[in-house]
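Asker: Numbering (the working numbering), first residue to last: 380 to 557. We put the CB at the ideal spot given by N, CA and C, even for glycine.
1) Taking just the CA atoms, how far does residue 545 sit from residue 418?
2) Taking C-beta to C-beta, are residue 433 and residue 398 nearer than 9 Å?
3) So what's residue 506 in DSSP terms, helix, strand or just coil?
4) Beta-carbon separation of residue 461 and residue 445 under 9 Å?
5) By a C-beta neighbour count over all protein chains shown, 10 Å radius and 16 as the cutoff for buried, is residue 416 buried or exposed?
6) Taking 9 Å as the threshold (C-beta atoms), are residue 441 and residue 485 in contact?
7) Please classify residue 528: does DSSP put it in a helix, a strand, or coil?
8) Determine whether the beta carbon atoms of residue 401 and residue 487 lie at a separation below 9 Å.
9) Going straight from the alpha carbon of residue 403 to that of residue 482, what length do you get?
10) Applying the criterion that 16 or more other CB atoms from any shown protein chain within 10 Å of the CB defines a buried residue, is residue 390 buried or exposed?
11) Alpha carbon to alpha carbon, how far is residue 492 from residue 498?
12) Tell me whether residue 473 is buried or exposed, calling it buried when 16 or more other Cβ atoms sit within 10 Å of its Cβ.
13) Are the beta-carbon atoms belonging to residue 503 and residue 517 less than 9 Å from one another?
14) Any idea which residues DSSP pairs residue 477 with across the strands?
15) Under three-state DSSP, which class holds residue 535?
16) Taking residue 387 as part of the beta strand (DSSP E), name the residues at either end of that continuous run.
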């Protein structure tokens with residue numbers, strides 16, 4: 380995929396969103412009808428990638444955490460699953476800061492070109508190199524049709540309790556790349 384004359388834009392109230400269709404009505408609708416309200420209400424910040432004629436992709440970030448309650452409140456399971464990544468402090472923590480990729484969608488015409496991988500790599504870099512708050516993990520509630528993509532990007536399943544759900548909670552440990 381050749382990326383020429385593209386811009387990464389933080390969505391603002393006056394941003395003109397160019398045509399976009401990722402093939403998923405929910406994801407399309409979020410961009411056009413909800414993203415600006417999420418920003419206005421300080422819930423999530425959305426970024427769009429556009430060329431001169433269309434929106435190629437968008438993604439958004441919101442604050443999250445990984446907690447022992449994500450594993451049925453089972454602290455032993457939590458430590459077993461994630462504990463190898465956590466600092467061994469007196470008392471330890473029962474939750475750790477994360478940034479959630481709330482939505483990530485790529486225009487149908489651009490889905491084979493690696494733009495999703497570029498966005499994930501950008502996110503990983505942004506929250507290791509430019510991390511402004513302290514963030515240990517990236518999380519995502521991945522749709523079933525996106526699970527393989529996130530697995531390829533190094534994400535792991537937090538729990539098996541959501542195996543039959545429409546989405547699966549996955550995480551990536553940022554310390555594995557720093």
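Answerer: Short version:
1) 25 Å
2) yes
3) coil
4) yes
5) exposed
6) No; because the gap between Cβ atoms is not below 9 Å, this pair is not in contact.
7) helix
8) yes
9) Going by the C-alpha atoms only, they are around 12 Å apart.
10) buried
11) 12 Å
12) Flag for residue 473 reads exposed.
13) yes
14) 443 and 516
15) strand
16) 386-389
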